[in-house]
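Everything on this sheet refers to the single structure shown next.
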Amino acid sequence: MKKGIFSTLILMTILLSSCASNSLYKTPEQKRAELYYSHGTEKLVSKEYRQALKYLLKAYELDKEDSKVLNNLGMCYFFLKQDKLAFNYLNAATLADPKNSDALNNLGSIYFQKKQYQMALNQYNKVLQNLTYEHQFRTHYNMALIYLKLGNKKAAKQNLVLSNTQNQDYCPASFQLGKLYFDEFRYHSALKWFKEGQQGQCFENPQPLYMQGLTYLELEEYGQARAKFQEVIERFSATRYSTLATLKLSKITNQQILRTKASDEMPVKEKKAKNKFNSPSF
8 MKKGIFSTLI LMTILLSSCA SNSLYKTPEQ KRAELYYSHG TEKLVSKEYR
58 QALKYLLKAY ELDKEDSKVL NNLGMCYFFL KQDKLAFNYL NAATLADPKN
108 SDALNNLGSI YFQKKQYQMA LNQYNKVLQN LTYEHQFRTH YNMALIYLKL
158 GNKKAAKQNL VLSNTQNQDY CPASFQLGKL YFDEFRYHSA LKWFKEGQQG
208 QCFENPQPLY MQGLTYLELE EYGQARAKFQ EVIERFSATR YSTLATLKLS
258 KITNQQILRT KASDEMPVKE KKAKNKFNSP SF
């Protein structure tokens, strides 16, 4: 998993369901559009973006008002780094169906990428009005990332808690909560959230594990810290976190050597001091 899941990349949604709700009322063009849409979506999910674009454009030519086709076309252009076209199709998707919360979420993410944070928040607030939308935990997480960018940690924490409350298995929210508590020097709380942030889809990400090591260091639990850093090195040797963990292990070792040396020298100093003051002078 890439670093972006925790910090920069806001989740974008590809719509997988069929275009129309009732096949009995579809025109022949709509049926063909659905077939192209299904093929295009399959290619989009498998990251074959140019093939996906070919099928989705054919679906669009047959049914220009279907919000789901428009959404996935927007996503296809987004992954092809055609931001203007992505924005246009996602915006059209929200106009075709103002209740398409996935398209609103995606449009908000485009605004986020462009650093138009207030516009992004406007889209997410529209999503929150849809009380039947099943992925509001993602909406709250997206809003939290924006509030972090704006320096509003209180609002960020509120949205992260809401995200976690609505889906306790959504590990990116747990990780971000851990970082907030770590910055507040509330290390026991931070450790709890970092552990939760290592579960599920986040298990293959080194960040939660590395942050557990840092938190144990702050708690002066050096054995636990050493174990976490060692695990980072073994499991994520090709990442920069392996290098960082190696440096932290060296620091722990050096500190322990200095403490041992200081402890060993203490009786000698006391003995010398005793001889100095108790022996007769001539």
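Quick note: the sequence shown uses my numbering, first residue 8, plus one each step.
Every residue, glycine too, gets a C-beta built ideally from N, C-alpha and C.
Just so you know, these numbers come straight off a predicted model, no measurement behind them.
Q) So G207 packs on A197, CB below 8 Å; how close in whole Å? A) About 19 Å separates the two Cβ atoms, so there is no contact after all.
Q: State the DSSP-derived secondary structure class of P179, mapped to helix, strand or coil.
A: helix
Q. Going by other Cβ atoms of all chains shown within 10 Å of its Cβ, with 16 needed for buried, is T222 buried or exposed?
A. buried
Q) Does DSSP put S28 in a helix, in a strand, or in coil? A) Below a pLDDT of 50, predicted positions are generally treated as unreliable, and S28, at 47, falls in that range; no measurement from the model is reported.
Q. Is L69 closer than 8 Å to A40 when the C-beta atoms are compared?
A. yes
Q. What do you reckon, are the CB atoms on I240 and S249 nearer than 8 Å?
A. yes
Q) Residue ranges of each alpha helix (DSSP H) run of no fewer than 4 residues wholly in the stretch 29-102, ordered along the chain? A) 35-52, 56-69, 74-86
Q: Consult DSSP for H142 and reduce its assignment to one of helix, strand or coil.
A: coil
Q | For N171 and S181, believed in contact at Cβ under 8 Å, the rounded distance | A | 6 Å
**Q.** Selected residue, minimal CA-CA separation from E191, among K235, K160, E55, I117
**A.** K160
Q) Is the beta carbon of Y84 sitting closer than 8 Å to the one on Y62? A) no
Q) Mind checking whether Y131 and N149 have CB atoms under 8 Å apart? A) yes
Q: Specify the secondary structure class of A232 as computed by DSSP and reduced to three states.
A: helix
Q) Which residue from A110, S53, L251 puts its Cα closest to that of V76? A) A110
Q) Taking S45 as the reference, which of Y32, E36, A59 has the closest Cα? A) A59
Q.
Using the three-state DSSP reduction, which class does T253 fall into: helix, strand or coil?
A. helix
Q) Given a threshold of 16 other Cβ atoms within 10 Å of its Cβ, counted over all protein chains shown, does D73 qualify as buried or as exposed? A) buried
Q.
So, for L92: in the same chain, excluding its five sequence neighbours on each side, which residues have a beta-carbon less than 6 Å away from its beta-carbon?
A. Y84
Q) For F201 versus M218, is the C-beta spacing smaller than 8 Å? A) yes
Q | Member of A252, E211, F210, Q263 whose CA lies at the smallest distance from the CA of E227 | A | Q263
Q | Collapsed DSSP secondary structure at R247 in the structure displayed | A | helix
(Q) At the 8 Å Cβ level, is L157 part of the contact set with chain D, yes or no? (A) Included in the structure is just one protein chain, with no chain D present.
Q) So what does DSSP say about K164, is it helix, strand or coil? A) helix
Q) Going by the beta-carbon positions, is the gap between L216 and K199 smaller than 8 Å? A) no
Q) Given a threshold of 16 other Cβ atoms within 10 Å of its Cβ, counted over all protein chains shown, does S28 qualify as buried or as exposed? A) Unreliable positioning characterises S28 in this predicted model, as indicated by a pLDDT of 47, which lies under 50. The coordinate reading is nonetheless provided below. Per the 10 Å Cβ criterion, exposed.
Q) Do K255 and G220 have their CB atoms nearer than 8 Å? A) yes
Q. Under 8 Å between the Cβ atoms of Y112 and T139?
A. The sequence given here places Asn at residue 112; Tyr does not occur at that position. Taking 8 Å as the Cβ cut-off, N112 and T139 do not qualify as a contacting pair.
Q. What is the rounded straight-line gap between the Cα of Y96 and the Cα of K71?
A. 10 Å
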